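In order, the protein sequences belong to chains P and Z. Okay, so the first sequence: first residue is 170 according to the working numbering, each after it adds one. Okay, so the second sequence: first residue is 568 according to the working numbering, each after it adds one. Note that the Cβ used here is the ideal one computed from N, Cα and C, for glycine as well. All values derive from a computational prediction rather than experimental measurement. Have a look at the structure below, then the notes.
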Amino acid sequence: MSNHFSELESAWKQDKKNIKSSSTALDAVYEKIQTNKKESFFFYYGTIVILTITLLVISSFFYFVAPVEKLLSRIGIGLMLVGLLVRIVIEIVSIVKSKRVHILDSSLETVNNTIAFHTFRKNVHGIVTPIIIAFYTVGFYLITPEFLLYLPVWNVVLYDISYIVIAVVLFIQIRKGVLKEMKIVHETVELKKSLLQEG
Amino acid sequence: MSKKDTSLFESIHQQYFPMVLQMCLGFVKGDYDKARDLSQEVFIKVWIHLDSFKGISSYKTWIYRITVNTCLQLIRKKKKNVTLPIETIALSFTEESKNDTSEASNRLYKAIGQLNELDRLLIMMVLEGQEYDDIADVLGIQPTNVRVKIHRIKKRLKNILNHE
């Protein structure tokens with residue numbers, strides 16, 4: 170066994186001599202650092218920015234353009250806005266948790282933090298997001314009766330049907346998200362098992 | 568980052584680039600493009616975290632930690648892509664080194680490529696001459712567990728080489 174291994178060791182050392190650091194390799198790293206700076210901003214904060222803009226647009230629309238008068242409609246708008254606000258808070262918590270997956274920790278710690286993070290994401294996709302969408306949907310339909318006072322029926326029916334299409338798309342997206350997170354959790358748990366397995 | 572840190576980073580890059588690229592090559596079974604991307608990712612993390620290096624371990628062990636964790640994170644992403652056949656190893660490596668790859672090198676990468684991802688990383692750290700205690704520290708497991716694992720991997724490597 171030791172002969173085979175010594176042979177591998179010398180081949181390994183020999184191959185390493187063929188690899189040299191170059192200024193091109195270093196420049197490529199610097200270039201990637203610059204690109205990553207921009208990308209990671211959008212990766213972390215992109216969703217928050219989009220959700221916040223949506224929240225502001227909806228609030229402004231119902232405040233300045235089409236202020237509703239009925240209590241039911243106001244409750245509806247409230248539910249929609251609360252749903253969006255909770256989603257923004259969850260995104261912030263998600264960023265904080267993702268930053269706990271620290272590359273400088275030992276592999277076992279990194280694996281444990283990865284499992285915790287993706288389990289959180291799985292629960293967000295599988296439990297919290299459907300509740301938020303339910304809030305949003307109920308809120309949306311609570312406004313409909315007041316819309317009937319100002320808009321033609323066919324217009325409101327079209328408006329309601331279009332929401333069903335959006336709901337189906339959202340359902341498919343959520344399911345995809347849950348399956349993706351479950352797959353990551355499963356693979357990371359397997360990795361943890363092989364790390365801890367004796368031999 | 569200050570100019571002083573930039574020169575430190577550049578000297579780290581110069582010193583450890585061969586080690587990191589070789590580990591990445593071994594991990595991705597010799598696919599040079601993937602190994603280059605992976606090694607860039609490692610050095611981006613080195614750059615980001617250079618300020619938090621406390622000197623508890625050597626730079627070498629610290630960079631191992633980053634390399635191993637970056638490789639392990641790649642497992643998920645990699646599974647989405649088609650893995651290159653082991654036969655491409657010599658070709659890819661030759662392109663980088665611009666030298667003739669020896670028969671021994673082919674055997675080396677072929678053999679390592681047949682191990683699972685974690686075992687590949689472990690044995691490469693041994694080939695790099697890392698102490699078992701340092702490997703245990705990088706992985707976060709007991710040194711005794713490292714010894715048992717390495718013994719098993721060496722046995723498996725022997726089988727692989729004997730059945731070529």
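- If you compare the alpha carbons of Z/Phe594, Z/Gln582, Z/Ile615 and Z/Glu695 with that of Z/Gly680, the shortest gap goes to Z/Phe594.
- Taking C-beta atoms as the reference points, P/Ile353 and P/His287 count as a pair closer than 8 Å.
- The C-beta of Z/Ser574 has fewer than 16 other C-beta atoms within 10 Å across all chains shown, which makes the residue exposed.
- In chain order, Met590 and Gly593 place their CB closer than 6 Å to the CB of Z/Met691, counting only its own chain and leaving out the 5 sequence neighbours on each side.
- Three or more Cβ pairs closer than 8 Å define a contact, and the segment 682-691 of chain Z meets that threshold against the segment 702-722 of chain Z.
- P/Asn282: member of the alpha helix (DSSP H) spanning Ser276 to Asn292, first to last residue.
- Under the three-state reduction of DSSP output, P/Val297 falls in the helix class.
- The continuous alpha helix (DSSP H) containing P/Phe210 extends over residues Ser192 to Ser229.
- Contact of Z/Phe594 with chain P is not assigned, every C-beta pair being separated by 8 Å or more.
- Here P/Arg269 carries a coil assignment [DSSP, helix/strand/coil].
- For Z/Gly707, the secondary structure class from DSSP, reduced to helix, strand or coil, is coil.
- Rounded to the nearest whole angstrom, the CA to CA distance from Z/Gln709 to P/Val218 is 44 Å.
- Considering only P/Glu278, P/Arg256, P/Lys189 and P/Trp323, the residue with the shortest C-alpha distance to P/Thr223 is P/Arg256.
- Using beta-carbon distances, P/His355 does not count as an interface residue toward chain Z, since no partner is under 8 Å.
- Proximity of P/Leu348 to chain Z, defined by a Cβ-Cβ separation below 8 Å, is not satisfied.
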